[in-house]
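Everything on this sheet refers to the single structure shown next.
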Amino acid sequence: MPNLNSLMTGGCFGRLRSSDPPITVPAWTSMMSSRNPGQLGFYGFRNRRIGEYGGKWIATAGAVKVDRAWDILSRMGKRCCVLNVPQTYPVKPINGAMVSSFLTPGNDSDYTYPRSLKAEIEAATDGYMIDCENFRTEDKQQLLQQIHAMTHKRFEAATHLWTQHGPWDFFMVVYMGPDRIQHGFWKYVDPGHRKHEPGNPLADCIKDYYKLLDDQLGRLVAMCGPDTRVILVSDHGAKRMEGSLNVNDWLIREGLLTLKEEPRGVARFDEDNVDWSKTVAWAWGGYYARIFMNVAGREPRGVVAPGEYESVRDELIGKLQGIPDDTGRLMDTRALRPQDLFRGPHVDEAPDLLVYFDDLLWRAGQDVGHEGLYSFETEIGPDDCVHDYDGIFAMSGGGCQTNGELTGLQLMDVAPTTLAALGVGADKSMEGSAVT
Amino acid sequence: MSEQGAVIWFTGVPASGKSTIAAAVQKRMQQAGLPVENLDADEVRQNLSPNLGFTAEARDENTKRLAWMAKMLSKHGVNVLIAAVAPLRYHRERAREWCPRFVEVWTTCSLDECKKRDPKGLYARADRGEINDIAGWHMPYEEPEDAQVVCRTQEMGVGQCAEAVVVKLSELGYMGADVVGGDEGYSEEDQAKVEARLKDLGYM
Numbered sequence: 013m014p015n016l017n018s019l020m021t022g023g024c025f026g027r028l029r030s031s032d033p034p035i036t037v038p039a040w041t042s043m044m045s046s047r048n049p050g051q052l053g054f055y056g057f058r059n060r061r062i063g064e065y066g067g068k069w070i071a072t073a074g075a076v077k078v079d080r081a082w083d084i085l086s087r088m089g090k091r092c093c094v095l096n097v098p099q100t101y102p103v104k105p106i107n108g109a110m111v112s113s114f115l116t117p118g119n120d121s122d123y124t125y126p127r128s129l130k131a132e133i134e135a136a137t138d139g140y141m142i143d144c145e146n147f148r149t150e151d152k153q154q155l156l157q158q159i160h161a162m163t164h165k166r167f168e169a170a171t172h173l174w175t176q177h178g179p180w181d182f183f184m185v186v187y188m189g190p191d192r193i194q195h196g197f198w199k200y201v202d203p204g205h206r207k208h209e210p211g212n213p214l215a216d217c218i219k220d221y222y223k224l225l226d227d228q229l230g231r232l233v234a235m236c237g238p239d240t241r242v243i244l245v246s247d248h249g250a251k252r253m254e255g256s257l258n259v260n261d262w263l264i265r266e267g268l269l270t271l272k273e274e275p276r277g278v279a280r281f282d283e284d285n286v287d288w289s290k291t292v293a294w295a296w297g298g299y300y301a302r303i304f305m306n307v308a309g310r311e312p313r314g315v316v317a318p319g320e321y322e323s324v325r326d327e328l329i330g331k332l333q334g335i336p337d338d339t340g341r342l343m344d345t346r347a348l349r350p351q352d353l354f355r356g357p358h359v360d361e362a363p364d365l366l367v368y369f370d371d372l373l374w375r376a377g378q379d380v381g382h383e384g385l386y387s388f389e390t391e392i393g394p395d396d397c398v399h400d401y402d403g404i405f406a407m408s409g410g411g412c413q414t415n416g417e418l419t420g421l422q423l424m425d426v427a428p429t430t431l432a433a434l435g436v437g438a439d440k441s442m443e444g445s446a447v448t
Numbered sequence: 090m091s092e093q094g095a096v097i098w099f100t101g102v103p104a105s106g107k108s109t110i111a112a113a114v115q116k117r118m119q120q121a122g123l124p125v126e127n128l129d130a131d132e133v134r135q136n137l138s139p140n141l142g143f144t145a146e147a148r149d150e151n152t153k154r155l156a157w158m159a160k161m162l163s164k165h166g167v168n169v170l171i172a173a174v175a176p177l178r179y180h181r182e183r184a185r186e187w188c189p190r191f192v193e194v195w196t197t198c199s200l201d202e203c204k205k206r207d208p209k210g211l212y213a214r215a216d217r218g219e220i221n222d223i224a225g226w227h228m229p230y231e232e233p234e235d236a237q238v239v240c241r242t243q244e245m246g247v248g249q250c251a252e253a254v255v256v257k258l259s260e261l262g263y264m265g266a267d268v269v270g271g272d273e274g275y276s277e278e279d280q281a282k283v284e285a286r287l288k289d290l291g292y293m
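Protein sequence lines correspond, in order, to chains A and B.
For the first sequence, my numbering begins at 13 and goes up steadily by one.
For the second sequence, my numbering begins at 90 and goes up steadily by one.
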């Protein structure tokens, strides 16, 4: 990947520690606002309304109440172009242009600012792709074609925005393709994956895809000109998925969650089927587990007395961290208190525990009625990888003063770094530090 | 006595988006559990002022009646939305004087765009020679000099405009910050599409 190599050798680079939790939302907003989730008020795409068992809301752009880098730059008269950054739908006015990302319902939504830009993007890309459709298909060739097509269209949109509406003071484009291809194809490329088949025809598909990305990186950098400060980031890492731990089934086995009616076979977890009078905790699944405790006075039919909250939570932590994997090996599970992770006015809205099963190697499945605790086809279909804590950071050009490999970088450093590159000081409430 | 309600007057030429954005703001307020009344100018005219035409004097009378109703409702803590052209600055300034928590929202787009939208067929009727009293075309429309919110409806979608209004209301202290953001922008159908995509991608 010569263009990535050029960025690294011409400037600085390092691992970029993601947010807790290390998932797209809140990661990208944490990155571009330099705020931790306790300040932001969301801990994933969906978030629970405290005090309502089934109440949930999706963290759209409307949930972002703090400035992201482009808001600050817009107010200062800098021209900003933001393309496909997660959590930008619904789009908001900006001093420039915005094309929202995959929280957009569909191509018939108003996904651009200004509104008139949508027709241009559709024309320039011959039909814009917000995201891959039917991601869970077993037809992997079709999925691979979609990922490539989406990547080319993203590049076409970026090129159009630069050549027809540039130059820009700040230009940001996010490619979701790496995330999609890794989730979809990891087992084909990683001999360590339990479903890997040596010699399979897709063994190089991720490597080849990264070569495509590197080529596009080079062309975008060339398009922006030699005096441009280029910053390459990713919001989290990836690694093989071992399987899915059926966390609500585990809670049921532990006597901590009781259903009114036993499910016949695997069933969606339904809060209406929970006997709350006999339930201490329940969970949401995904790339990490969220454990919610049924606290008296906080929840409609809470049973955990407030005075016993910490001891019950400690007990839960001990039990969760003692779960073995399917071979009997003790998992390296981390059950984390939000108070230890986050600071800010929204910490009390966080789940009672954030759980990374076996250091994130195992997803959390929230459906119930499985025969065992471990599933190797997720409830949603094929998924080969999970997220990891470290993404990447590389920066060079445009007066970059730092060289070589850096350590200790975190997601929240990116916004201050971006602002510093444009000669703008970071907001005092930003939590990261600028790399110059 | 309950806290004074806000009066949000959506002004702009016909088909500039006033009623559409007012309806979106109304929905946001209702979702937040806030008392709100949307005084539709046509409905009020039909029910309270059926004999009023569209002369300058008639428009003055109609806007005066709307402002007075808003004053009465807002006194009792009801937030009032009015989508009415109110073509003269004087109309809006009178309402501002009567209603302590008054917010002027200007919806604006090109005449060509208005003609393209034409939800009530006014511009088509004007083209056929049936009417010649459309504010901003045949008759004066005095653009606000200092509207608190400007919705350029050719550049901004309905959701963006509604969000701009509720953000302003929150900034002015007329309602809490919890009305801002959240699930804003999704119809039930849109929410289902996004949830299906997120589930497909493994996030839910």
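Glycine included, each C-beta is placed from N, C-alpha and C at the ideal position.
Bear in mind that the values here come from a model prediction, so they are computed numbers and not experimental data.
Starting from residue i, trace the alpha helix (DSSP H) both ways and give me its first and last residue.
| i | result |
| --- | --- |
| Ile-84/A | 81-87 |
| Glu-327/A | 321-332 |
| Asn-151/B | 145-164 |
| Ala-113/B | 107-120 |
| Glu-134/A | 129-136 |
| Met-20/A | 14-22 |
| Asn-136/B | 130-137 |
| Thr-171/A | 152-177 |
| His-399/A | It is not in any alpha helix (DSSP H) - His-399/A instead sits in the beta strand (DSSP E) that spans 397-400. |
| Phe-197/A | 189-201 |
Going by DSSP, what residue range makes up the beta strand (DSSP E) through residue i?
| i | result |
| --- | --- |
| Ala-285/B | Ala-285/B -> not in any beta strand (DSSP E); alpha helix (DSSP H) instead, spanning 277-289. |
According to the Cβ coordinates, are residue i and residue j closer than 8 Å?
| i | j | result |
| --- | --- | --- |
| Gly-50/A | Val-359/A | yes |
| Ala-170/A | Leu-225/A | no |
| Val-78/A | Phe-54/A | no |
| Ser-113/A | Tyr-101/A | yes |
| Met-110/A | Ala-81/A | no |
| Phe-405/A | Leu-28/A | yes |
| Phe-147/A | Leu-155/A | yes |
| Ala-236/B | Val-194/B | yes |
| Val-324/A | Met-343/A | no |
Please report the distance separating the alpha-carbon of residue i from that of residue j.
| i | j | result |
| --- | --- | --- |
| Asp-400/A | Gln-422/A | 13 Å |
| Thr-197/B | Ser-105/B | 5 Å |
| Thr-149/A | Gly-196/A | 9 Å |
| Glu-134/A | Tyr-140/A | 5 Å |
| Cys-92/A | Gly-108/A | 5 Å |
| Cys-217/A | Lys-165/A | 19 Å |
| Leu-261/B | Pro-14/A | 53 Å |
| Gly-178/A | Leu-85/A | 16 Å |
| Leu-498/A | Leu-95/A | The structure shown does not extend to residue 498/A, since chain A spans only 13 to 448, so no value can be given for it. |
| Ala-234/A | Ser-30/A | 29 Å |
| Leu-200/B | Val-167/B | 34 Å |
| Ala-215/B | Thr-152/B | 23 Å |
Can you name, in chain order, every residue of its own chain whose Cβ lies under 8 Å from the Cβ of residue i, other than the five neighbours on each side?
| i | result |
| --- | --- |
| Glu-274/A | Gly-381 |
| Gly-265/B | Ala-121 and Ser-259 |
| Arg-265/A | Leu-385 |
| Asn-415/A | Gly-23 and Cys-24 |
With distance defined between alpha-carbon atoms, name the residue in the options nearest to residue i.
| i | options | result |
| --- | --- | --- |
| Gly-314/A | Leu-115/A, Gly-330/A and Val-292/A | Val-292/A |
| Met-228/B | Tyr-292/B, Phe-191/B, Pro-103/B and Ile-97/B | Pro-103/B |
| Pro-176/B | Gln-115/B, Glu-231/B and Arg-286/B | Glu-231/B |
| Ile-105/A | Glu-278/B, Val-239/B and Ser-138/B | Strictly speaking, residue 105/A in this sequence is Pro, with Ile absent from that position. It is Val-239/B whose Cα lies nearest to the Cα of Pro-105/A. |
| Arg-127/A | Val-247/B, Leu-170/B, Gly-225/B and Cys-203/B | Val-247/B |
| Thr-419/A | Thr-270/A, Glu-64/A, Gly-403/A and Ala-432/A | Gly-403/A |
| Glu-132/B | Lys-160/B, Lys-164/B and Leu-155/B | Leu-155/B |
| Asp-287/A | Leu-271/A, Trp-296/A, Ala-295/A and Gly-277/A | Leu-271/A |
| Gly-370/A | Glu-417/A, Gly-230/A, Ser-256/A and Ser-42/A | At residue 370/A the sequence reads Asp, which differs from the Gly that was named. Minimum Cα distance to Asp-370/A is reached at Ser-256/A. |
| Ala-111/B | Met-161/B, Glu-252/B and Leu-287/B | Glu-252/B |
| Glu-145/A | Leu-287/B, Thr-109/B and Glu-126/B | Leu-287/B |
| Val-398/A | Gly-63/A, Glu-254/A and Met-88/A | Glu-254/A |
| Leu-16/A | Met-88/A, Leu-229/A, Asp-181/A and Arg-87/A | Leu-229/A |
Within the same chain, show all residues whose beta-carbon is closer than 6 Å to that of residue i, passing over the 5 residues directly before and after it, in chain order.
| i | result |
| --- | --- |
| Asp-272/B | Legend: pLDDT at Asp-272/B = 46, less than 50; position of this residue unreliable, no value from coordinates given. |
| Asn-107/B | It is Lys, not Asn, that sits at residue 107/B in the sequence shown. Closer than 6 Å at the Cβ level, and outside the excluded window around Lys-107/B, lie Phe-99, Gly-101, Ala-172 and Thr-196. |
| Leu-115/A | Thr-72 and Tyr-101 |
| Gly-410/A | Asp-239, Thr-240 and Arg-241 |
| Leu-268/A | Val-292 and Ala-293 |
Can you list, in chain order, the residues of its chain with a C-beta nearer than 7 Å to that of residue i? Leave out the 5 residues immediately preceding and following it.
| i | result |
| --- | --- |
| Ala-147/B | Leu-141 |
| Ile-303/A | Ala-293, Ala-295, Leu-328, Pro-363, Asp-364, Leu-365 and Val-367 |
To be precise: take each residue of the segment 228-254 of chain B, compare its Cβ to all Cβ atoms of chain C, and keep it if any distance is under 7 Å. Which residues remain?
The chain inventory of the structure shown lacks chain C, comprising the protein chains A and B.
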